[in-house]
Amino acid sequence: MPELFQQPYRAISPADFWSRWHQIFKNTWIELIFKPISKFILYYWPYSPKFIVNGISSMCVFLFSGIIHEYYIYVAFEKFTGDQIKFFILQGLAVCIEYIFKHQFHQVYIPKSIGFLLTFIFNGITASYFMQPWISYFVQRQAFKYSLMNLIIRILSDKY
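Here full-length UniProt numbering is used: position 120 in the sequence shown is 120, and no number is missing along the way.
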């Protein structure tokens with residue numbers, strides 16, 4: 001059985017990040033979504049460019065993942081926010097743009113440190129969509145008063 005994660009915090013691009021994330025589901029998404037969508041496209045449009053086939057198939061995987069995560073939010077909080085779908089669509093677009101960029105401008109070298117920084121910033125920005133429903137829930141439910149952060153604040157405020 002593969003490890004669940006392969007150091008995603010070391011990713012130097014969106015595609016690298018997702019290649020390190022959730023290794024257990026990777027083959028499932030490839031077999032159940034990516035390959036069937038690719039075959040469907042190639043059956044009806046046999047001369048489609050590879051980047052189009054891979055891009056559409058990849059976006060379907062990200063969309064499906066967004067729908068699954070949105071379902072979790074709906075079950076947990078009884079509301080549909082769309083934030084999970086936004087997160088996964090943005091991540092999928094970043095992977096597709098990266099693929100196109102690498103193949104159109106393969107002579108351009110981006111240092112790993114710059115790739116890491118850009119990936120870190122992008123993931124930090126888009127993570128707000130992923131985390132928003134959870135944060136809203138805990139704020140609304142006043143879970144903060146039972147949190148570790150609240151305990152730390154109370155301890156520090158008692159001392160000063």
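Ideal Cβ placement from N, Cα and C applies to all residues, glycine included.
In this text the structure is predicted, and so the values were computed from the model without any measurement.
ask   = So the alpha helix (DSSP H) Gly92 belongs to, where does it begin and stop?
value = That run of the alpha helix (DSSP H) goes Asp83 to Gln104.
ask   = Is the CB-CB distance between Pro14 and Thr81 below 7 Å?
value = Going by C-beta atoms, Pro14 is not nearer than 7 Å to Thr81.
query = alpha helix (DSSP H) containing Ala15: first to last residue?
reply = Membership of Ala15 in the alpha helix (DSSP H) is indicated by the continuous run Pro14 to Arg20.
key: Backbone CA spacing between Ile56 and Ile12 [nearest angstrom]   = Those two C-alpha atoms are separated by around 23 Å.
task = Assuming Phe87 contacts Thr126 (C-beta within less than 8 Å), just tell me the rounded distance between them.
result = So it is a contact: roughly 6 Å between Cβ atoms.
ask   = Would DSSP call Pro49 helix, strand or coil?
value = Pro49: coil per DSSP, three-state reduction.
message = Runs of 3 residues minimum, wholly inside the segment 30 to 77: which ones carry the beta strand (DSSP E) assignment?
response = Whole beta strand (DSSP E) segments, 3+ residues: zero.
message = Out of Lys35, Pro49 and Lys79, which one is the CA nearest neighbour of Val61?
response = Taking only the C-alpha atoms, the option nearest Val61 is Lys35.
ask   = Below 7 Å between beta carbons: does that hold for His69 and Gln91?
value = Contact: no.
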